[in-house]
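Going by our numbering, the letters in the sequence shown line up with residues 127 to 255, in that order.
Even glycine gets a Cβ: it sits at the ideal position worked out from N, Cα and C.
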Amino acid sequence: MSKLYTGINIQYPISQLIINGQKSIETRTYPIPDKYMNQEMLLIETPGKKGKFKSRIIGVIKFTKCFIYKSKLDFYKDYKKHFVNEDSDWSWADKPKYGWKVKIVKIIDPPISFSGKKGIKFTLNIKID
Numbered sequence: 127m128s129k130l131y132t133g134i135n136i137q138y139p140i141s142q143l144i145i146n147g148q149k150s151i152e153t154r155t156y157p158i159p160d161k162y163m164n165q166e167m168l169l170i171e172t173p174g175k176k177g178k179f180k181s182r183i184i185g186v187i188k189f190t191k192c193f194i195y196k197s198k199l200d201f202y203k204d205y206k207k208h209f210v211n212e213d214s215d216w217s218w219a220d221k222p223k224y225g226w227k228v229k230i231v232k233i234i235d236p237p238i239s240f241s242g243k244k245g246i247k248f249t250l251n252i253k254i255d
């Protein structure tokens, strides 16, 4: 049975840490929009700088909690949950950092090729079986 989803783009290799169950917190500089909290979403793996593939759908995930990190120290104490270190492109900066608790609903194997526009506001109503 087909279902419509919103997708979220996450770069490789971070996407693999999530789908393999190692990374339990996605970090962003903004809170997750309320309408996406506890909603099943497609994890669209984008190649970033290290991937040698085209964007693809690798799983269905949910974000079950959103919180703000109170300090740089608190952020880096959670390293084993989000895998962002001080040398990362996504390291602590002068902007607030939010943690989105992620739950894996389903792994899609083999991945489904995705050629749509990138960004959460464009990856709406993606139909998969």
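query                                                                                                                                         : result
Have a look at G225 and P139 and give me their C-alpha separation to the nearest angstrom.                                                    : 18 Å
Taking 6 Å as the limit between beta carbons, can you name the residues of its chain near G133, skipping five residues before and five after? : L168, I170, T249, I252
Could you name the residues that DSSP lists as bridge partners for Y131?                                                                      : I252
Could you check what DSSP says for I230 in three-state terms: helix, strand or coil?                                                          : strand
With DSSP as the reference, label I158 as helix, strand or coil.                                                                              : coil
Quick one, which of K207, F193, K223 has its alpha-carbon nearest T155's?                                                                     : K223
Out of T153, I184, K180, which has the shortest C-alpha to C-alpha gap to K207?                                                               : T153
What is the DSSP secondary structure of S141, counted as helix, strand or coil?                                                               : helix
Mind listing, in chain order, the continuous beta strand (DSSP E) runs of no fewer than 3 residues lying wholly within the segment 181-211?   : 182-194
Once DSSP output is grouped into helix, strand and coil, what is the label at P173?                                                           : coil
Specify the secondary structure class of S239 as computed by DSSP and reduced to three states.                                                : strand
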